[in-house]
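Enquirer: For my numbering, count along the sequence shown from 1 and bump the result up by 434. For glycine and all other residues, C-beta sits at the position ideal for the given N, C-alpha and C. Encoded as structure tokens, here's the structure I'll be asking about.
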Amino acid sequence: MHKQADEMEFAPNERIENAVKNFAVEQDDAAGQAMTEAILMSAVNSEELLAPAVPAGEDGKPLDLEYMTDEQIQKFLENDEISFAIHAVTDDEGNDWMPVFTSPDKVMEGEVVDVMAHQIETLMAMAVDTGMAGIVINPWSDSLNIPAESLQVLLSSIQAMNDEDGESLEGDINLIEGDIVNMECDAIVNAANNTLMGGSGVDGAIHAAAGPELDDACRELHGCKTGEAKITEGFQLPAKYIIHTVGPIYDGSDQCADDLADCYWNALNLAIDYDIHTIAFPCISTGVFGYPMAEAAEIAVDTVLTWMDSYAGEYDMQVTFCVHDDEAYQVYTEILDEELTDEPEDPQN
Ligand code: ADP
């Protein structure tokens with residue numbers, strides 16, 4: 435039940451409270467990593483956080499609609515299981531963030547409101563599903579904003595951790611819609627061009643986010659042939675490495691399909707040399723290089739699954755397909771559903 439924070443018995447979530455406090459002091463990679471670990475551990479142990487909430491009426495409608503956009507209200511109403519609504523915190527740019535608190539004391543540093551305890555995974559999924567900008571942990575004190583894109587990455591890591599014991603490939607393949615530059619994994623793959631000196635689309639986004647050191651590192655690689663892969667550090671990115679591969683310009687030929695498959699295969703082989711175990715791919719060649727999304731996604735998924743089959747039991751690799759729009763998400767979902775529910779092929783045949 436929802437309750438006013440001052441009458442609530444709730445064991446503070448010290449794991450996350452301390453990580454947020456630390457991050458406020460030391461805003462470096464180590465503090466960020468500790469924060470990520472705290473959230474993952476908290477989620478895997480089903481720990482809870484508090485969220486200010488208003489109960490819904492008998493007709494299922496939130497009793498206080500004032501803090502929600504029409505779209506958010508609609509989404510809540512469409513979901514039978516949710517019978518309350520969350521107050522959003524709106525930032526200077528008009529974005530709504532979902533406030534969550536590590537303890538009743540943290541709630542009471544601001545105005546007194548009703549709160550509900552929920553597992554952190556549920557709250558993160560709710561923020562993403564309702565189109566909020568993200569969550570803000572302890573907004574009245576040492577606060578930390580986690581944008582929706584990072585929440586998606588965390589949610590897929592939680593899912594992967596929950597699936598870890600499973601034998602199926604499903605736990606090792608993830609699909610995310612978001613910006614690949616935010617992916618927290620060992621390596622992200624760049625859909626580069628032959629010069630490796632940056633370009634438009636995902637290439638431009640990666641160069642901008644990684645910073646000028648990436649340009650210097652790429653200059654020393656002296657270009658890359660279509661279908662091949664080269665590696666640099668991730669520099670300012672959360673990912674440790676960037677694997678640069680050059681997709682084909684689409685012309686409908688078999689050669690072009692082979693080149694695209696080579697991009698995935700060679701990137702994964704190179705990843706082994708650098709002890710990379712988590713890797714995210716964009717949809718290579720589907721932007722300015724003009725490869726039709728469905729054809730390219732089919733090759734991407736087939737090649738990655740074949741590669742994983744051939745290394746099964748020898749090398750652990752978690753692959754995330756990071757797509758950039760709803761259409762691509764839909765295409766990949768259909769292909770993955772089909773491929774992962776098929777009987778696994780015998781790699782000897
Ligand atoms: P290419 O030259 O190989 O076609 P593009 O960058 O033009 O590469 O496009 C490849 C794919 O990357 C497209 O499907 C595009 O929607 C997607 N994309 C663009 N920016 C990003 C990003 N920041 N994160 C993930 N995917 C992206």
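State yes or no: is the C-beta of Ile-676 nearer than 6 Å to some heavy atom of ligand 1?
Expert: No, since every heavy atom of ligand 1 falls outside the 6 Å radius drawn around the Cβ of Ile-676.
Enquirer: Ile-580 to Gln-689, Cα distance in whole Å?
Expert: Straight-line Cα distance between these residues: approximately 43 Å.
Enquirer: Let me check understanding here. Comparing Cα to Cα, which of Thr-536, Trp-531, Gly-568, Gly-721 lies closest to Asp-576?
Expert: The candidate whose alpha carbon is nearest that of Asp-576 is Thr-536.
Enquirer: Taking C-alpha atoms, which residue in Glu-773, Leu-770, His-758 lies nearest to Gln-586?
Expert: With distances taken between Cα atoms, Gln-586 lies closest to His-758.
Enquirer: Cutting at 6 Å between CB atoms, please list the residues of its own chain near Tyr-725, excluding the five before and the five after it.
Expert: If we look at Tyr-725 and ignore the five residues flanking it on each side, its Cβ neighbours are Tyr-684, Ser-719.
Enquirer: Hey, quick one: how far does the alpha helix (DSSP H) through Ala-762 stretch, first residue to last?
Expert: 760-775 is the span of the alpha helix (DSSP H), which, as asked, contains Ala-762.
Enquirer: Where Tyr-763 and Trp-741 are concerned, what is the direct C-alpha to C-alpha distance, given to the nearest angstrom?
Expert: So the two alpha carbons sit approximately 22 Å from each other.
Enquirer: By a C-beta neighbour count over all protein chains shown, 10 Å radius and 16 as the cutoff for buried, is Ile-706 buried or exposed?
Expert: Looking at its Cβ environment, which holds fewer than 16 other Cβ atoms inside 10 Å, Ile-706 is exposed.
Enquirer: My assumption, with CB atoms under 8 Å, is that Ser-590 sits in contact with Ile-610. Please give the rounded CB distance.
Expert: About 6 Å; that satisfies the 8 Å criterion.
Enquirer: Could you spell out where the beta strand (DSSP E) holding Leu-655 opens and where it closes?
Expert: Looking at the DSSP string, Leu-655 is not in any beta strand (DSSP E), and its letter there is neither H nor E.
Enquirer: Residue range of the alpha helix (DSSP H) that Pro-538 falls in?
Expert: First-last of the alpha helix (DSSP H) with Pro-538: 538-541.
Enquirer: Helix, strand or coil, according to DSSP, for Thr-666 in the structure here?
Expert: Correct three-state label for Thr-666: strand.
Enquirer: Roughly how many angstroms separate the alpha carbons of His-641 and Ala-445, rounded to a whole number?
Expert: If I take the Cα positions, the gap works out to 44 Å.
Enquirer: DSSP state of Phe-457, grouped into three classes?
Expert: Three-state result, Phe-457: helix.
Enquirer: Which residue marks the beginning of the alpha helix (DSSP H) containing Ala-644, and which one marks its end?
Expert: Its alpha helix (DSSP H) spans residues 635-644.
Enquirer: With a threshold of 8 Å, are at least 3 pairs of Cβ atoms found where one atom belongs to the segment 736-752 and the other to the segment 643-662?
Expert: No contact exists between the segment 736-752 and the segment 643-662.
Enquirer: Taking the alpha carbon of Val-765 as the reference point, which residue from Glu-748, Thr-775, Gly-747, Ala-730 has its own alpha carbon closest?
Expert: Of the candidates Glu-748, Thr-775, Gly-747, Ala-730, the one whose C-alpha sits nearest the C-alpha of Val-765 is Ala-730.
Enquirer: Taking buried to mean at least 16 other C-beta atoms within 10 Å of its own C-beta, is Lys-659 buried or exposed?
Expert: Burial call: exposed.
Enquirer: Check this for me: beta carbons of Gly-568 and Ala-582, under 7 Å apart or not?
Expert: Cβ distance < 7 Å, so Gly-568 and Ala-582 count as in contact.
Enquirer: Run through the segment 522-582 for me and flag every whole beta strand (DSSP E) of 3 or more residues, listed as ranges in chain order.
Expert: Counting only runs of 3 or more, we get 530-534, 548-553, 568-571, 578-581.
Enquirer: Less than 7 Å separating the beta-carbons of Pro-533 and Val-562?
Expert: Not closer than 7 Å, so no.
Enquirer: So, with DSSP's three-state summary, where would you put Tyr-725?
Expert: Residue state, collapsed to three classes: coil.
Enquirer: So, helix, strand or coil for Asn-608, using DSSP?
Expert: Three-state result, Asn-608: strand.
Enquirer: Measure the Cβ-Cβ separation of Val-454 and Asn-572 and say whether it is below 7 Å.
Expert: For Val-454 and Asn-572, yes; Cβs fall inside 7 Å.
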